[in-house]
Every structure is written in C-alpha cells, then in structure tokens.
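Visitor:
There are 2 protein chains.
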Amino acid sequence: AILAAAKAMLRDGPLRGKRILVTSGPTHEPIDPVRYIANRSSGAQGTAIAEALSALGAEVVFVTGPADTPRPISAEVVEVETARQMAAAVDAALPCDAAVFCAAVADWHVVGAGSSKIKKDGTGAPPGFELAENPDILATVSRGDKRPRLVVGFAAETDDVIAHATAKRKRKGCDWIVANDVSPATGIMGGTQNAAILITAEGADPWLRMSKAETAATLAARMAEALT
Amino acid sequence: AILAAAKAMLRDGPLRGKRILVTSGPTHEPIDPVRYIANRSSGAQGTAIAEALSALGAEVVFVTGPADTPRPISAEVVEVETARQMAAAVDAALPCDAAVFCAAVADWHVVGAGSSKIKKDGTGAPPGFELAENPDILATVSRGDKRPRLVVGFAAETDDVIAHATAKRKRKGCDWIVANDVSPATGIMGGTQNAAILITAEGADPWLRMSKAETAATLAARMAEALT
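Going down the list, the sequences are from chains A and B. The working numbering numbers the first residue of the first sequence as 1 and each following residue consecutively. The working numbering numbers the first residue of the second sequence as 1001 and each following residue consecutively.
1) Taking A:Asp97 and A:Lys18 to be in contact with their CB atoms under 8 Å, please state how far apart those CB atoms are, rounded to whole angstroms.
2) Expressed to the nearest angstrom, what Euclidean distance is found between the alpha-carbon atoms of B:Asp1159 and B:Met1210?
3) Are B:Ile1197 and B:Trp1207 touching if we call contact CB-CB under 8 Å?
4) Taking the alpha-carbon of A:Thr27 as reference, which of A:Thr215, A:Val34, A:Ala67, A:Ala58 has the nearest alpha-carbon?
5) I'd like to know if B:Asn1180 contacts chain A, where contact means its C-beta is closer than 8 Å to some C-beta of that chain.
6) Using a beta-carbon distance below 8 Å, is A:Asn194 in contact with chain E?
7) Is DSSP giving A:Glu51 helix, strand or coil here?
8) Is DSSP giving B:Ser1142 helix, strand or coil here?
9) For a cutoff of 8 Å on Cβ pairs, would you count B:Ile999 as touching chain A?
10) Starting from A:Glu157, find everything on chain B with Cβ-Cβ shorter than 8 Å and list it in chain order.
11) Tell me which same chain residues have a C-beta within less than 8 Å of the C-beta of A:Tyr36, skipping the five on either side of it?
12) I'd like to know if the region 36 to 48 of chain A and the region 67 to 78 of chain A are in contact, where contact means that at least 3 CB-CB pairs between them fall below 8 Å.
13) I think A:Phe62 touches A:Glu81, with their Cβ atoms under 8 Å apart; what is that distance to the nearest whole Å?
14) Please classify A:Ser74 as buried or exposed, where buried requires at least 16 neighbouring CB atoms within 10 angstroms.
15) Along the chain, where does the alpha helix (DSSP H) that runs through B:Ala1179 open and close?
16) Check whether the Cβ atoms of B:Leu1219 and B:Ile1049 lie closer than 8 Å to each other.
17) Can you look up A:Arg169 in the DSSP assignment and give me helix, strand or coil?
18) Using DSSP's beta-bridge definition, name the partner residues of A:Ile20.
19) Consider the Cβ of A:Val141: report whether some Cβ of chain B lies at a distance smaller than 8 Å.
20) My guess is that A:Gly153 and A:Lys168 are in contact by the Cβ rule of under 8 Å, so how many angstroms apart are they, rounded?
21) Could you tell me which residues DSSP puts in a beta bridge with A:Ile37?
22) Determine the DSSP secondary structure at A:Gly114, reduced to helix, strand or coil.
23) Mind checking if A:Ile34 is an interface residue toward chain B, Cβ cutoff 8 Å exclusive?
24) From A:Met223, A:Ala55, A:Asp175, A:Gln85, pick the residue whose C-alpha is nearest to that of A:Glu202; which is it?
25) Relative to chain A, which residues along the region 1198 to 1212 of chain B have a C-beta separation below 7 Å, given in chain order?
Shown next, in the form of structure tokens:
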C-alpha cells in the first residue's frame, strides 16, 4: 500500500490524470460445487497492459477473473469469478477515460448451477445442464451511457482473423479490436508471445510477433496518442 | 535431478522398496481451443500425499492434471490434461504396490471437441455439445489385472458423506475411500484444511479437522501399516 501510494505520487507521463479500466483473465462459470466451465487465459496479457498503462501515468482499475498471473502491483485490483460478476464490477468502475477488455469472458453460464454435486446415475447418460448467454460486457459498455472515450476489445480467433475481428468491432460498437490468432498451431494461447492485429475504423494494422510485454507497451503508446 | 538422486539414495523408512502411484489435480476437458470444463482441485492434497509417502521411503509416481500447486520434488512426475490421458498414464505406471487416486477426474468429456472456436450465432441459443463418460480410472484399476495390493480412492461429497462414500467403496472395488465434505460452507475446497473420513471394510473412521499436510501424513502412516 505504501509502495502504491509512493508510485501514485511519482506517477507521470502522457496518461497522467487518465483513469483506465482493464479487464483480464478467464471467468469461471460453476456447473456445481466441484465443476466449472473456463476459458483458457493466463491473464498475462492483461497484467502486462495494466503495467504498461501505469508506466505512462494512468490510474488503472484492473478487474480480473481467476487468473494464474500475478496481479499488476500498480493497479487497483478487483477480483471476480463469473462473467456476471465481471459485468457488475466493470459497471461499478465506470466512468473511465478508456477501457481495455482483455478478459476471456465466458459467453454462457449454467442455469441453476446447483449446490449439490451432479452424480453419474449409472446409465452412462450424461447430465443435462442448460446454458444461457452471459451479458456482453464489451457491447454493453460500448453502447452505454457511461461509454469511455476509447473502448478497446480483444478478439481471440481461430479462422479468418481479420474478417472476424473487423465484424466484431462493428457488432460491438467499440473503437479498436486487438485480434489474435489463437489456433493451436500458433502456440500463442498459454505462451509468452503475441502476434496481434489492431483493427480500427481505418483498417487492419498487423503488429510484428513480439512478447506480451511489448504488445502491451505498443497498445499503451497507441492509446496515449489517441487520448491526448 | 541431483537432489532427487541424493534423496533416493538416502530414502529409508517403512515404505522403502514400495512403488506407489498417486494421482492429483483436476483434469481439463476441452470444449474448443479456448474453452474447457474443469474440476476444482488445487492439487495441494495430492502433492502433500506424495511428499508424505516419499518421507516414509516410498518410490512415488505422481500423475497430475493441470494443478496450481508445485509438484512434489521427491516423485517421478507425469503431466496430463484430460481424464483419458490420465487413464493411459496410470495404466503405464502400473504395476505398483499401492495407488492413491486423489485427482478430481472429470466424469465426462465433450465429444468431438473442435479445433475451431464455437461462436455465438446471434440467436441467443446456446451451443449444443455432446458429453460422453470418461473411463472410470479407480474402478478400472481396482478390478483390473494389474491391481495394486492397496487401492485408495477419494470422494468429494456435498451430501450424506459417509453413506455416499461407503457406497462408492463397494461400487468401485477399492480398499479404502478418503471422504471429504466439500459443500461450500466447509471451506475445504480451495482451502488449506481437510476433515476427512476414512472408509474401509471395517467402517468409517472420522479424522480430526487438520491441515492437508497432516491428513497426508496420517494417510501415509496408515498405508505403511497396511503394506508392511
């Protein structure tokens, strides 16, 4: 806490005075007390982005699901488990000057996730559980009353990366999409590198393959340009 | 590796010369390249049991799913992701003198888990994915040709703990069941303590609430009695 306070006093850079929200990590959607549905996300990219924005002087609010990566020491950290909890934490963190939605949020949750463990019934028949759509945090914020000036989404794609990410930018109403090819062959998912493509209203800007820290620094610098 | 070799040379105790298999951690069952179904298991209890058995002189083979806990430094470690991979690794590790099945293995896997990310189709309808039963590792080993002399299963229960665990012991054909009440109110799941009940042919022996290291030491001592 003392370290954070000292950092805040020393905070300087092009993003000084800007409050930026970063979401990170996976969400876990309970099936029953011992099982859940998860997204693969270490949280490494989100933590790197929060650190990079702080390094440029921003005040960062970091809303994270249960990720393995250490939390950014320079940010205000809010821990959540499910997509619905993340949506509520995001809403509570607004207004902000910018928001980066880096979390791998589950699209669905299990309806009526129970407090008793689901048992095999001996017939070999699998359990039925009903899925329902989670709130779409990126679209909700992009079209909401408290919309930050700059809204950045992420897209993890396995096919037709630019086409899917460009369509996603329009569908969600955000300003930028950072698109990644996460097909297993790339080794990006769970790895240390990234090969991102920035999708803006002007088109697609493919970045070189670089570390997640460099990707974060590149994005933070672009955001500083756009916000100042 | 040098430390492990030194430990092996120094290895002594009642379980010296016994080869014991320990499974640990959750399994992850892929839905698509970015999503999976998981069990809540930190792997802490399994690592503690492997260390306790090694401390009594056993040679431990440790088959683990993707767990957060550090692996036991005293064991031969085999890393797997899915229940089917765990079943194969267990079969490959036999014969053994004893086996402790501490892993939280998924009961089901997703049939035809794809290499492309499942997309929302805009209708709000959830995706259909078909579940199929995984191999029952505990029952397969307990009734198999390579059955160890002492087979110990674990049961994580939320209701009627003793009745469910006693029925599980008979149904699986194992010798002992270590039963835990994991209903959310107990705080055991993800916590540092355990309140186990040992189910044997003689009945139910409830242990005091103790740390996972103490639970492991208690189980290892009981196993040493039974095997020597």
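Think of the CB as a built atom: it goes at the ideal place given N, C-alpha and C, for glycine as much as any other residue. All figures in this text were calculated on a predicted structure; none of them were measured in a lab.
Guide: Considering the structure as presented:
1) The C-beta separation of A:Asp97 from A:Lys18 comes to about 4 Å, placing the pair in contact by the 8 Å criterion.
2) So the two alpha carbons sit approximately 21 Å from each other.
3) Result yes, Cβ atoms of B:Ile1197 and B:Trp1207 sit closer than 8 Å.
4) For A:Thr27, the nearest C-alpha among the options comes from A:Ala67.
5) Among the CB atoms of chain A, none fall inside 8 Å of the CB of B:Asn1180.
6) Going by chain labels, chain E is absent from the structure shown, which instead holds the protein chains A and B.
7) In this structure, DSSP gives A:Glu51 a helical state, which the three-state scheme calls helix.
8) Here B:Ser1142 sits in helix by DSSP.
9) With chain B running from 1001 to 1228 in the structure shown, residue 999 of chain B is simply not present.
10) Correct list: Lys1117.
11) Counting only residues of its own chain and dropping the five nearest sequence neighbours on each side, A:Tyr36 has a CB closer than 8 Å to the CB of His28, Glu29, Pro30.
12) As far as the Cβ criterion goes, the region 36 to 48 of chain A touches the region 67 to 78 of chain A, which means the pair count is three or higher.
13) In this structure, A:Phe62 and A:Glu81 do not form a Cβ contact; the two beta carbons are roughly 15 Å apart against a cut-off of 8 Å.
14) Looking at its Cβ environment, which holds 16 or more other Cβ atoms inside 10 Å, A:Ser74 is buried.
15) Careful: B:Ala1179 lies outside any alpha helix (DSSP H), inside the beta strand (DSSP E) at 1176 to 1181.
16) Taking 8 Å as the cut-off, the beta carbon of B:Leu1219 is found closer than this to the beta carbon of B:Ile1049.
17) A:Arg169 falls in the helix class under three-state DSSP.
18) Under DSSP, A:Ile20 forms a beta bridge with A:Val60, A:Ala98.
19) For A:Val141, no Cβ of chain B is located within less than 8 Å of the residue's own Cβ.
20) The pair is a contact, with the Cβ atoms about 7 Å apart (cut-off 8 Å).
21) Among the bridge pairs identified by DSSP, A:Ile37 is matched with A:Glu29, B:Ile1037.
22) Three-state result, A:Gly114: coil.
23) At residue 34 of chain A the sequence reads Val, which differs from the Ile that was named. Closer than 8 Å: yes.
24) The residue with the shortest Cα to Cα distance from A:Glu202 is A:Asp175.
25) Cβ contacts with chain A: none found.
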